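**Q** Residue numbers 102 to 244, in this note's numbering, belong to the letters of the sequence shown in order.
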Amino acid sequence: MIGVTRRYRFAASHRLHTPKLSEAENRELYGKCNNPYGHGHNYDVEITVEGPVDPTTGRAVDIAQLDRLVKTEVLNAFDHRNLNLDIPQFAEVVPTSENLALLLDRRLRAQWHTVFSGDWPRLEKIRIAETERNIFEVSDDET
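1. Terminal residues of the continuous alpha helix (DSSP H) containing residue 216?
2. Please state the DSSP three-state secondary structure of residue 171.
3. May I have the straight-line CA-CA distance separating residue 113 from residue 120, to the nearest angstrom?
4. Does the beta-carbon distance from residue 155 to residue 109 come in below 9 angstroms?
5. Once DSSP output is grouped into helix, strand and coil, what is the label at residue 238?
6. Apart from the five residues on each side of it in sequence, which residues of its chain come closer than 6 angstroms, Cβ to Cβ, to residue 244?
7. Going straight from the alpha carbon of residue 214 to that of residue 176, what length do you get?
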């Protein structure tokens with residue numbers, strides 16, 4: 102078994118704010134991320150897949166197929182978007198990077214078998230770096 106990790110990048114903006122809290126509570130909880138005009142990030146996303154090495158191709162995953170899936174489900178859907186306004190799933194959920202990681206995981210898993218038939222490769226984990234210091238990870242056993 103081998104793991105293969107592929108890195109992608111997209112830019113998006115968001116505002117961290119919940120109507121379940123007062124304005125003051127939101128400012129206290131989210132700080133500068135509660136700016137009414139939002140703020141942006143250049144998100145680095147790593148997709149890790151796992152599988153056996155195919156004896157014919159010598160590969161565990163067809164990278165071109167993975168790239169097409171990520172382009173459709175992640176890059177085209179999220180790049181240069183306002184997560185609060187442009188992504189329907191964030192109408193009721195605060196677009197934290199934790200929630201973003203979970204959403205990307207759900208989107209990729211929902212379409213996985215349309216691209217990869219059979220048991221392998223398997224989507225192992227997704228890591229999102231919002232900044233150099235803030236990194237979020239969803240693993241196969243956590244979904």
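Ideal placement from N, C-alpha and C gives every residue a C-beta, glycine not left out. Because the structure is a prediction, the values reported are computed rather than measured.
**A** A quick look at the data gives this:
1. Start at 1 with the first residue of the sequence shown, and residue 216 comes out as number 115. DSSP places residue 216 in the uninterrupted alpha helix (DSSP H) bounded by 198 to 216.
2. Working through the sequence shown from its first residue, we reach residue 171 at position 70. In this structure, residue 171 counts as helix in the three-state DSSP scheme.
3. Taking the first residue of the sequence shown as position 1, residue 113 is located at position 12. Taking the first residue of the sequence shown as position 1, residue 120 is located at position 19. About 22 angstroms.
4. Locating residue 155 in the sequence shown gives position 54, where the first residue counts as 1. Locating residue 109 in the sequence shown gives position 8, where the first residue counts as 1. Taking 9 angstroms as the Cβ cut-off, residue 155 and residue 109 do not qualify as a contacting pair.
5. On the sequence shown, position 137 is the one that residue 238 refers to. In the structure shown, residue 238 sits in a strand (DSSP, three-state: E or B).
6. As a working mapping, residue 244 is identified with position 143 in the sequence shown. Confidence is the limiting factor: at residue 244 the pLDDT is only 46, short of 50, which leaves the residue's position unreliable, though a coordinate-based value still follows. Excluding sequence neighbours, residue 244 sits near 206.
7. Taking the first residue of the sequence shown as 1, we reach residue 214 at position 113. Taking the first residue of the sequence shown as 1, we reach residue 176 at position 75. Approximately 19 angstroms, taken between the alpha carbons.
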